[in-house]
Amino acid sequence: LLEYAELQKAYPLEDDWIRFGPVKGHIDGTLGSGTMMVFEPFKDQPDIGLGLEQMPYDAFIERVVAADKVGMQLTIHAIGPRGNDWVLDAYEKAREANGERDSRHAIEHAQILRKEDIDRFTALGVIASMQPLHVVTDKRFAEKRIGMENLQYAYAWNTLDDAGAHIAFGSDYPVEPLNPLFGLYASVTRKDLQGETGSGWVPKEKISLEKAIEFYTLGSSYLEFMEDRKGKLKKGYLADIVLFDRNLLAVPPAELLDAKVTYTIVGGKIVYELDN
């Protein structure tokens, strides 16, 4: 805790460039490896158990409550429905033990949820820190692994948003490509990047492009406690702006993948200009 406190002083929240962020933890593994935490056996590998818990439930709760007590902001990796349930339990126990505060704890990925856990994000003020391109990667084998009946709230951007939850988008680089245009495309189509046809995978969870941009910008700045100075175009805010060669809001979704950055502005200064 002493080391944590010293690091926190070295990177104050007032700094616009390098800041002391949340402490990250893990509770389960991944969908692809069959190590995410589930409530029932994997359909394609029923003999491998219910996923890989990183520690026993009681020990996990104890750690989260202790970290919350000293004012840490936490973001816990959880992929499977049981993993997400455990993390929500831990944040709830921390609130009961330490009182309610603007902690802005997050679940990193929050990929596969149960319907009954959706409203808990809003009730507990937990941020769903999600990476939209994961839907493109995982939909190839998700149904085979756990069945479509368990995927109705997978990558549930629309449902979480309708429930009033805070959502922050990112890339998960280097696991996925860094280019946010790929994520924007996945958000509005839930299709692969190779010209897939149809209505997309679990189409009820598609969101508008405006909403996806909001989650990448204002949503992420809220997770950082920086929504008072970045995440929107507003007088007095940091002028971090990217300009494209086309109006992203006016082109078909497929054109998002071909858009080029023409200017990058950081702090009001042009730091990149596309050569003609």
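With the sequence shown counted from 1, adding 1272 to any position gets you the numbering used here.
Don't be surprised by glycine CBs; every beta carbon is placed ideally from N, CA and C.
- Counting C-beta pairs closer than 8 Å gives three or more between the stretch 1418-1437 and the stretch 1473-1481, which meets the contact rule.
- By the criterion of a C-beta distance shorter than 6 Å, Glu1545 is surrounded in its chain by Tyr1535, once the five residues flanking it on both sides are discounted.
- Counting C-beta pairs closer than 8 Å gives three or more between the stretch 1340-1353 and the stretch 1292-1308, which meets the contact rule.
- DSSP places Gly1355 inside the alpha helix (DSSP H), whose first and last residues are Pro1353 to Asn1370.
- For Thr1536, DSSP records a beta bridge to Val1514 and Tyr1544.
- With respect to the 8 Å criterion, Ala1458 and Leu1405 are classified as neighbours on the basis of their beta carbons.
- The beta carbon of Pro1353 is closer than 8 Å to those of Met1309, Val1310, Phe1311, Ile1384, Leu1385, Arg1386, Asp1389 and Asn1422 in its chain, skipping five residues each way along the sequence.
- Contact between the stretch 1438-1446 and the stretch 1402-1419 is present: 3 or more CB-CB pairs across the two stretches fall below 8 Å.
- Residue nearest to Arg1417 within the set Gly1470, Ile1399 and Gly1323 is Gly1323 (criterion: CA-CA distance).
- Nearest to Arg1392 by C-alpha distance, out of His1438, Val1337, Leu1515 and Asp1330, is His1438.
- In this structure, the beta-carbon distance from Lys1502 to Leu1510 falls below 8 Å.
- The straight-line gap separating the alpha-carbon atoms of Ala1366 and Gly1321 is approximately 29 Å.
- A straight-line Cα-Cα distance of about 11 Å links Val1460 and Leu1453.
- The beta carbon of Ile1290 lies closer than 6 Å to those of Tyr1283 in the same chain, with the five residues before and after it left out.
- Secondary structure note for Leu1285: it is in no beta strand (DSSP E), with a DSSP letter that is neither H nor E.
- Rounded to whole angstroms, the separation of the alpha carbons of Pro1313 and Gln1326 is 18 Å.
- No Cβ-Cβ contact shorter than 8 Å links Thr1394 with Ala1339.
- Between Leu1360 and Arg1373, the alpha-carbon positions lie close to 16 Å from each other.
- With distances taken between CA atoms, Glu1275 lies nearest to Val1342 out of Val1342, Pro1328, Glu1527 and Phe1332.
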